[in-house]
Every structure is written in C-alpha cells, then in structure tokens.
Amino acid sequence: MRASHQERIGTSGASDVMSNLQRINWGPVENTRHDLGTDIFCQVRDERRFDLGLFVGIQVKSGDSWFDDKIRDEAGNVTGWWYYESEPRHFEYWTSHTLPHFVVLNDEATRISYWAHVTPDRLKNTGQGFKIAIPSEQKIDLANLPALIQVAATQRKGFELAGSSWRAGVSELGPGKRLRHALLAPRLVAPHRNARPQGTLEPEEAIAMVALGRFSDFQQLATADEMTPDTTAARHHQELRWRFLACLWAIAEEADDALEMTRSLLSDCSIGSADHAAATALLICQFAADEQWDEAIAIAMAALDGDQLAPADSAWISSHLAGLLVEVGGTDDARDAALGVLRNLAGLEPDVTTLALQAAASWIVFSTADISAHVTDRSDLLSSIDNPVAWWREQTASYGLNDAVLKEFRARLKDSTERWTVEDVAYARLWSAAMTAQLAADYGVSRLHLRQMGRYPVSQGLQLDDSSMVSEGMMALLT
807 MRASHQERIG
817 TSGASDVMSN
827 LQRINWGPVE
837 NTRHDLGTDI
847 FCQVRDERRF
857 DLGLFVGIQV
867 KSGDSWFDDK
877 IRDEAGNVTG
887 WWYYESEPRH
897 FEYWTSHTLP
907 HFVVLNDEAT
917 RISYWAHVTP
927 DRLKNTGQGF
937 KIAIPSEQKI
947 DLANLPALIQ
957 VAATQRKGFE
967 LAGSSWRAGV
977 SELGPGKRLR
987 HALLAPRLVA
997 PHRNARPQGT
1007 LEPEEAIAMV
1017 ALGRFSDFQQ
1027 LATADEMTPD
1037 TTAARHHQEL
1047 RWRFLACLWA
1057 IAEEADDALE
1067 MTRSLLSDCS
1077 IGSADHAAAT
1087 ALLICQFAAD
1097 EQWDEAIAIA
1107 MAALDGDQLA
1117 PADSAWISSH
1127 LAGLLVEVGG
1137 TDDARDAALG
1147 VLRNLAGLEP
1157 DVTTLALQAA
1167 ASWIVFSTAD
1177 ISAHVTDRSD
1187 LLSSIDNPVA
1197 WWREQTASYG
1207 LNDAVLKEFR
1217 ARLKDSTERW
1227 TVEDVAYARL
1237 WSAAMTAQLA
1247 ADYGVSRLHL
1257 RQMGRYPVSQ
1267 GLQLDDSSMV
1277 SEGMMALLT
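Numbered as in our numbering, the sequence shown ends at 1285 without a single skipped number.
The following block contains the structure:
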C-alpha cells in the first residue's frame, strides 16, 4: 500500500503548522476524528506562556498550488495570496463559529505558515464563490504573537455594569481578582450603604469601603458585627487580607508606622500571588507619594523580576513601573514598558481593572511619544482612557466637591445650624479619588485630586477664619 501524495502533503502541512504554533508557546491539538472544516484546535497563551483561557480553530492548506493566486503591490512585489472556495459553506461555518477561525497557508519548502482571520468583512464575492486575502507579513511566529492574541480575544464577551453598585460584593469575582478590584474599582466590591451585607463582611469588602473613603460606614459595621475586626484588631489578624485593611487605614490616617506596616505585609505575601501584587502596589504608592522615585522603581522591578505574577497583576505592576519611569525622565523606557502592558493586556479577559490599567499605559504612550510612530489608530488608544473606573472615581470626587461647595455656601450665608457628622465627607472622598487613581498607576489624575484636597482646607479655613486650616492646605499644595 502506498499513501497518496495529497495525504502526505496534508499531514506534513498540519505538522508544520502545529510546530510553528508550539514555537509561539500555543497548545495545538489536531482534530482528526470530526473534521468539518477545522483541522486544529489550539489553546492560546501569552508571551510568558500563561494560558489565556482562549481557543481558536485553524484550517490548514499546504502545498505549492495554494500560493498560485498572488496579490501584488504597485511595484510588483508579492504581498499575499488569495484563498478561494467556490462553495460558501466553509466560510459560513468559520464566520458563524463561536471560536475565531484562521485559514493558514503552509509553505512546504520554507515551513512558514501564513494566516488570516476569517471574518465576514474580509470575504470577497467573486461571483463564482468567495475568497479571502492571506497577507505575506502575517506569519505564525513570535513577531505576530500580539496580533494573533488580539484575534483570539475577539471571542470575549462584555460585562454588565448597570446596577453594579447595588450588586457589589466579592461573590461574583474570582479569588485572584478580589483584592485588585477592591483597590482599583472599590465601587464593585464595597457593599451598597443601603443594602446590608449578607453574612459577615469579607475583608476585601472592608478594604473597598476604606478605599472609597467610607470610613465611618466601616467602623459602624465593625462595631455591629463581632466577627468583623476593627482597625486595631486587623493589624495583627491571622488572615492576611485583614492586615491589608489595617495598612490602607494607616495610609489614610497618615500613621507614622504605615510604611513599616506595608513592608511587613509584603514580606508575608507569597511571591507571585495576588496579595504580593497588591502589597507591592501599596508600597509603591507610599514611596511615590513622598517622591522617592528610585525606591518605588526598585520595588516594582523586584516584583517583576521573578516573572511569577499572573498576567493582570504583572500588567498592574508594569503600569506602575512605566509611570514611575516618566517621573524620573526615562520616557523611552517608560514608553516601552507601557507598550508592553498594552500587548500583555490584549489577550486577557477584560475587566474594569484591566481597562483602567490599559488607560494608564495608553496615556503614557500618548504623552511621551510621537503617536504616529507607535500606534496606527489613535482613536483606539484615546478611547481606552474613557473607562468605568475613571467614571466612578470622578463620581466619588464629585461627591466630595459637592460637600465642599455646600459647606462654603452655608458659611457664606452664616448658617449656624448644628449638624451631626462623623467624618469630613469632602476630604474622605477626595482622598479616595487620589488614592485609587494612584493605585491604578494614574499619577497625573492622582495629583489633580491631591491638589483638590489641598485647596479644600484653604477654602474652608478662609471661610471659618481658621489660620491652621489655611496653613495645612497650603503645605499640602506645596508638597
């Protein structure tokens, strides 16, 4: 018995393509039993070999004949090839499949595999069938990995944000996402003040309340529930994430031992864990607040050095590194770091925190470079800056500024009505906006809210003829 020439070509072509996929760290599995138009199913991984929870389908065409219908530019150079089918059924199957599908032409002589993502807008009706262009620059190789991941990520679904503050809590978040969300998007984690928490307050929910500047709300819940530690008990709690709460509270209070508490917290975290990333971000922010840029950079680089962080957490710390490098004038290195963040986030399942990190990195790219040299579509980059975390942060700041304006209005009217308050709402909400922006590596926005925090006591002090408040505010503005 002798195998057919076509079988040899088909088998070797699939083997070549699978080898090329393995070289970019993807996980191909040949579909030999139920091939209806998909030769290979493939697990998608990023450049650090982290699995992205994505699959793609691949149809392989191998042999010289598939390269006959060349596409040429005006100079006569080959820029690709047309792949043609007289019947639409395969194209219909690929474009309607829940997984993104690639048509891959494999050159047997060079073993280079060229790909195209099959989408309805890329199909050309010839009158006798349909064809799709396979560009010569689209090879299955590491140089094209970001583009391949971007295609694979098109299967991701969006998430519903309407009414999310009422549903807030940790129950809908995976364990690795909870702490990052509590610090960057606390609105999604802190229980709504008009909805009683179901059961005992989780530490991430308490952290989110503090991150929102809802200090008195947390204290009331801690008093009412004996299972919820207060901020003093949380300092030495056996559960690590309650100690996170104590650190954040100490930072808010500007406690003398806040920095040492955070250092100790970081040393207690397992290397590469979500806790390790969050503690690193907290420590970076404290050094950045004191403009100790070199120390902050060293902390970020130490966290990234072992390449142990999960993709989203690695992007979080890399965003900080990019922002810190801008502060010390290392714009080229900052831009490279920010572009790396954007590449690494491209294939991840998006959530509100990764969108915020994408925004911070995008702004660094936009503000430090000739945009045309690095980004082909400026609108995509700038639109990423408009994201839910930014909206919610500005809503928090607006709430604080409204309280400040109301106080000034009453002072001007000489309103002597006695009002019972447990916290300075304006200060607490502006602190929240500044802190969450800084935690999200958005240093420019953080400074904006810090300036608002400085102006607030100046305005109040002038109205109340309180020189100490004026002095406090002026010192904040000058530092």
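In this text, a Cβ means the ideal position worked out from N, Cα and C, and glycines have one as well.
Best match in 934, 1097 and 991 for proximity to residue 764 [C-alpha to C-alpha]
It is not possible to answer for residue 764, since the shown part of the chain is limited to 807 through 1285.
On the three-state DSSP scale, how would you describe residue 837?
coil
With DSSP as the reference, label residue 941 as helix, strand or coil.
Residue state for residue 941 is assigned as strand, using DSSP reduced to three classes.
Among all the DSSP beta bridges, which residues are the ones paired with residue 931?
936.
Quick test of your reading: residue 1027 and residue 996, contact by CB under 8 Å. State the CB separation rounded to the nearest angstrom.
So it is not a contact: roughly 11 Å between Cβ atoms.
Taking the alpha-carbon of residue 922 as reference, which of 1142, 932, 1102 and 911 has the nearest alpha-carbon?
911
Tell me which same chain residues have a C-beta within less than 6 Å of the C-beta of residue 1139, skipping the five on either side of it?
1131
How should residue 1154 be labelled, buried or exposed, when 16 other C-beta atoms within 10 angstroms of its C-beta is the threshold for buried?
buried
Measure the C-alpha to C-alpha separation of residue 1049 and residue 868 and round it to an integer number of angstroms.
Their backbone Cα atoms lie some 59 Å apart in a straight line.
Could you tell me the alpha carbon to alpha carbon distance between residue 1265 and residue 1045, rounded to whole angstroms?
42 Å
Rounded to whole angstroms, how far is the Cβ of residue 1064 from the Cβ of residue 1025, which I believe are closer than 8 Å?
With a Cβ gap of about 18 Å, residue 1064 and residue 1025 do not count as contacting.
Have a look at 951, 863, 1113 and 1212 and flag the residue whose alpha-carbon is nearest the alpha-carbon of residue 900.
863
How close, in whole Å, do the beta carbons of residue 1163 and residue 1147 come, if the pair is a contact with beta carbons under 8 Å?
Right, their Cβ atoms sit about 7 Å apart.
Going by the CB atoms, is the gap between residue 830 and residue 837 shorter than 8 Å?
In this structure, residue 830 does not lie closer than 8 Å to residue 837 by Cβ.
Straight-line CA distance for residue 1118 to residue 1043?
27 Å
Which of helix, strand or coil DSSP assigns to residue 832:
coil
Beta-carbon proximity of residue 1232 to residue 1207, cut-off 8 Å:
yes
Please go through the same chain and pick out, in chain order, the residues whose beta-carbon is closer than 7 Å to the beta-carbon of residue 827, but skip the five residues on each side of it.
Within the same chain, residue 827 has close Cβ partners 834, 848 and 946.
What first and last residue would you give for the alpha helix (DSSP H) that runs through residue 1029?
Secondary structure note for residue 1029: its alpha helix (DSSP H) is the uninterrupted segment 1021–1030.
For the stretch 886–900 against the stretch 914–932, do three or more pairs of beta-carbon atoms, one drawn from each stretch, fall closer than 8 Å, so that the two count as touching?
yes
Measure the C-alpha to C-alpha separation of residue 884 and residue 950 and round it to an integer number of angstroms.
For residue 884 and residue 950, the distance between alpha carbons rounds to 19 Å.
For residue 1126, the three-state DSSP class (helix, strand or coil)
Three-state DSSP puts residue 1126 in a helix.
In the DSSP assignment, what are the bridge partners of residue 826?
DSSP output for residue 826 lists no bridge partner at all.
For residue 955 and residue 1211, I'd like the C-alpha separation in whole angstroms.
The straight-line gap separating the alpha-carbon atoms of residue 955 and residue 1211 is approximately 48 Å.
Give me whichever residues DSSP pairs with residue 888 in a beta bridge.
939
If you count every other CB in all the chains shown that lies within 10 Å of the CB of residue 1032, and 16 or more means buried, which is it?
So residue 1032 counts as exposed.
I believe residue 1099 touches residue 1133 by the beta-carbon criterion, under 8 Å. Please report the beta-carbon distance rounded to the nearest angstrom.
5 Å
Residue interval of the alpha helix (DSSP H) (run including residue 877):
Run containing residue 877: none in the alpha helix (DSSP H); it sits in the beta strand (DSSP E), 876–878.
Could you have a look at residue 922 and say whether DSSP puts it in helix, strand or coil?
strand
Confirm, please, whether the CB-CB distance from residue 1258 to residue 1203 is below 8 Å.
It is a contact, given that the beta carbons lie within the stated cut-off.
Can you tell me whether residue 1306 is buried or exposed, with buried defined as 16 or more other CB within 10 angstroms of its CB?
The requested residue 1306 does not occur in the structure, where the chain is confined to residues 807 to 1285.
To test your reading of the DSSP string, which unbroken alpha helix (DSSP H) runs of 4 or more residues are found completely within the stretch 1026–1107?
1037–1040, 1046–1059, 1064–1074 and 1080–1095
Is the beta carbon of residue 1090 closer than 8 Å to that of residue 1116?
no
Have a look at 1011, 983, 1096 and 1085 and flag the residue whose alpha-carbon is nearest the alpha-carbon of residue 1249.
1096
DSSP three-state assignment for residue 1260, whether helix, strand or coil
helix
Hey, how far is the Cα of residue 1144 from the Cα of residue 856?
19 Å
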